[in-house]
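> Numbering-wise, the sequence shown is residues 0 to 428 according to numbering that gives the first Met the number 0.
All C-beta atoms, glycine included, are put in the ideal place defined by N, C-alpha and C.
Bear in mind that the values here come from a model prediction, so they are computed numbers and not experimental data.
Okay, here's the structure, questions in a sec.
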Amino acid sequence: MKRRKFFKITGFSLLVLFFAGLIARLLKTKSGNYAPYFSKLNQSLKKYKKANPFLLIDLDVLDENLLELKKLIPTNKSFRVVVKSLPSIELLNYIMQKVSTKKLMIFNQSFLTQISKYSDTTIDILFGKPMPIKAVNYYYDTLVVENGFHASKQVQWLVDTEKRINEYINFAKQNNIKLLLNIEIDVGLHRGGFSTLESLRKSLQIISKNKEHVTFSGFMGYDAHIVKVPSVLLSREKGYQNMCDFYNACKNLVKNDFQELWNDNLTFNGAGSPTLGLHNQPSSPLNDISAGSFAVMPTDFDIDTLEQFKPASFIATPILKEYNNTNLPSIESLSNILNVWDPNMQNSYYIFGGSWMANYYQPEGISGNAIFGKSTNQVMINASNETKLDVGDYVFLRPHQSEFVFLQFGEVLAIRNAKIVNNWSLLNI
0 MKRRKFFKIT GFSLLVLFFA GLIARLLKTK SGNYAPYFSK LNQSLKKYKK
50 ANPFLLIDLD VLDENLLELK KLIPTNKSFR VVVKSLPSIE LLNYIMQKVS
100 TKKLMIFNQS FLTQISKYSD TTIDILFGKP MPIKAVNYYY DTLVVENGFH
150 ASKQVQWLVD TEKRINEYIN FAKQNNIKLL LNIEIDVGLH RGGFSTLESL
200 RKSLQIISKN KEHVTFSGFM GYDAHIVKVP SVLLSREKGY QNMCDFYNAC
250 KNLVKNDFQE LWNDNLTFNG AGSPTLGLHN QPSSPLNDIS AGSFAVMPTD
300 FDIDTLEQFK PASFIATPIL KEYNNTNLPS IESLSNILNV WDPNMQNSYY
350 IFGGSWMANY YQPEGISGNA IFGKSTNQVM INASNETKLD VGDYVFLRPH
400 QSEFVFLQFG EVLAIRNAKI VNNWSLLNI
């Protein structure tokens with residue numbers, strides 16, 4: 000055999016062996032049954048009166064997260080619960096009581112309508128994004144209150160442009176009501192709001208001239224970019240300082256040039272879960288801090304600034320079907336080969352529902368089947384023989400985020416010590 004041909008064959012063989020070894024390494028058997036806590040939780044769910052996908056909130060972990068929150072919020076700042084991240088009146092009431100706050104941040108008219116109905120005169124609501132004037136009109140047209148809630152005194156509407164301010168003023172005039180207006184400022188995220196003192200000055204002048212119809216209630220500046228922008232583009236220290244500088248400049252503009260609008264009860268809101276820890280510094284311009292996701296810790300919030308918080312929310316769904324192999328449409332003849340080639344396909348299961356924005360979490364040995372694909376009806380998952388599962392067992396997933404995922408379930412099951420202690424309704428979108 001010629002030397003050149005020999006080297007070609009040998010090189011090819013080595014390449015095949017290399018990739019075979021790499022695949023074998025990548026496809027090593029995933030092992031792992033339920034962690035003790037989830038084993039208990041599985042048994043609790045199997046005894047429950049219903050059998051369908053559930054949204055779970057672990058109250059023990061939630062309590063720990065709320066204690067961590069208290070360590071972060073300075074005594075001279077108030078805390079405001081973000082409703083979209085925790086969309087259940089019972090859950091909100093639980094958290095508000097634990098952290099001693101009456102303040103909420105809302106992001107849509109529907110939630111405001113539902114919360115207004117049951118709230119008393121102590122609740123303070125701030126919008127987290129500007130509402131179309133039609134949403135304001137519909138809110139007032141359909142408003143029903145049972146415990147004395149006074150919208151004109153308890154709801155701060157967020158305004159982000161001169162045009163929107165004028166729309167709200169005209170609405171107030173036409174309906175003979177007074178509105179609280181909180182101004183959105185752009186502190187670096189560039190998602191909207193006033194980004195220059197010149198444009199802000201013009202809007203403050205408009206509000207000042209219409210004080211019989213609207214009241215200036217403060218500023219809101221969201222600053223998640225500080226921890227999300229790569230540090231090579233913007234350091235956290237610089238991002239935080241830029242935010243402080245512009246926020247303080249906006250406050251000083253009101254204090255110095257619009258003294259008739261200034262008072263000690265103005266709301267200077269900001270933060271959000273990612274930047275909670277930044278605002279316990281004396282240099283923070285805020286007196287009002289909003290957050291919500293930290294309490295339940297979906298996977299999108301697994302970041303270093305929230306490392307002291309633990310996952311408190313899970314999706315649990317029962318196994319409907321079990322098979323001792325993985326048999327896929329049109330490639331049935333490859334079933335045995337697949338099961339040997341990838342030990343994690345030795346068993347297949349179909350779960351109730353699927354395609355949630357969530358990661359498989361427990362038991363540790365399970366994974367989705369990318370070949371079979373996604374389904375909102377029944378999804379195939381796989382596990383090796385080392386993971387023991389039966390029909391009726393529950394698999395657990397961690398949501399990516401809470402504001403959309405939670406609303407896909409009819410209720411929240413409150414868990415304590417791995418047992419179901421309550422079921423709470425979810426707000427309607």
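With three or more beta-carbon pairs closer than 8 angstroms as the criterion, would you say the stretch 278-294 touches the stretch 78-98?
yes
> Output the boundary residues of the beta strand (DSSP E) element that contains Gly409.
Run containing Gly409: none; DSSP gives neither H nor E here.
> Leaving out five residues on either side along the sequence, give the residues of the same chain with a beta carbon under 6 angstroms from the beta carbon of Leu203.
Phe257
> Specify, as a first and last residue, the run of the beta strand (DSSP E) that Met379 falls within.
Per DSSP, the continuous beta strand (DSSP E) segment holding Met379 begins and ends at Gln377 to Ala382.
> With 16 as the cutoff for other CB atoms within 10 Å, does Leu125 come out buried or exposed?
buried
> With distance defined between alpha-carbon atoms, name the residue in Thr120, Ile168, Thr141 and Lys250 nearest to Val186.
Lys250
> Among Phe78, Asn343, Lys254 and Arg415, which has the Cα closest to the Cα of Ala386?
Reading off the sequence shown, one finds Thr at residue 386, where the question assumed Ala. Answer by Cα proximity: Asn343.
> Confirm, please, whether the CB-CB distance from Arg397 to Tyr360 is below 8 angstroms.
yes
> Can you check whether the CB of Ile314 is closer than 8 angstroms to the CB of Pro35?
no
> Per the DSSP calculation, Arg397 is bridged to which residue(s)?
Asn358
> Could you pull the DSSP bridge partners for Tyr221 from this structure?
Answer by DSSP bridge pairing, in chain order: Ala270.
> Would you mind stating whether Leu157 and Lys128 have Cβ atoms separated by less than 8 angstroms?
yes
> Just mark Ser401 as buried or exposed, buried being the case when its beta carbon has 16 or more other beta carbons within 10 Å.
Sixteen is the threshold: when 16 or more other Cβ atoms of the shown chains lie within 10 Å of the Cβ of Ser401, as they do, the residue is buried.
> With DSSP run on the structure shown, which of helix, strand or coil describes Gly276?
helix
> To the nearest angstrom, how far is the alpha carbon of Asn368 from that of Met95?
41 angstroms
> Please give the ranges of any alpha helix (DSSP H) in the stretch 127-209, keeping only runs that are unbroken, at least 4 residues long and fully inside the region.
Those alpha helix (DSSP H) runs which fall completely within the stretch 127-209 and span 4+ residues are 132-141, 150-153, 161-174 and 196-208.
> Using 8 angstroms for Cβ pairs, my map puts Leu305 next to Ile288. What's the rounded Cβ distance?
About 14 angstroms separates the two Cβ atoms, so there is no contact after all.
> Since Asn455 is in the alpha helix (DSSP H), which residue starts that stretch and which ends it?
Outside the displayed range of the chain (0 to 428) lies residue 455, so it cannot be described from this structure.
> Would Gly271 be called buried (16 or more neighbouring beta carbons within 10 Å of its own) or exposed?
buried
> How many Å lie between Leu252 and Met356 at the Cα?
Roughly 43 angstroms separates the two Cα atoms.
> May I ask you to list the residues that DSSP assigns as paired with Asn346?
Ala382
> Going by beta-carbon coordinates alone, are Ile302 and Val394 separated by less than 8 angstroms?
no
> Which residues share a DSSP beta bridge with Asp57?
Under the DSSP definition of a beta bridge, Asp57 partners with Ile414.
> Quick check: what's the CA-CA separation for Ala223 versus Thr141?
C-alpha of Ala223 to C-alpha of Thr141: approximately 34 angstroms in a straight line.
> Would you mind reading off the limits of the beta strand (DSSP E) that contains Lys320?
Ser312 to Tyr322
> If you draw a straight line from the C-alpha of Ile419 to the C-alpha of Asn64, how long is it?
19 angstroms
> I'd like the ranges of any alpha helix (DSSP H) spanning at least 4 consecutive residues and lying wholly in the stretch 68-112.
88-98
> Assess contact between the stretch 280-287 and the stretch 227-234, defined as three or more Cβ pairs (one per stretch) separated by less than 8 angstroms. Is contact present?
Segments in contact, no.
> Pick from Glu89, Asp59, Lys46 and Leu44: whose alpha carbon is nearest that of Leu425?
Glu89
> Helix, strand or coil: which one does DSSP assign to Gly238?
Taken through DSSP and simplified to helix, strand or coil, Gly238 comes out as helix.
> By the DSSP assignment, the beta strand (DSSP E) with Asp430 in it spans what residues?
Given a span of 0 to 428 for the chain in the structure shown, any question on residue 430 remains unanswerable.
> Is Asp341 helix, strand or coil by DSSP?
coil
> Based on the DSSP secondary-structure assignment, which residues constitute the bridge partners of Gly352?
Gln377
> Using the C-alpha atoms, what's the distance from His278 back to Leu71?
8 angstroms
> Distance, Cα to Cα, Arg24 vs Asn32?
At Arg24, the pLDDT of 42 sits below 50, so the modelled position is not reliable and the matter cannot be decided from this model.
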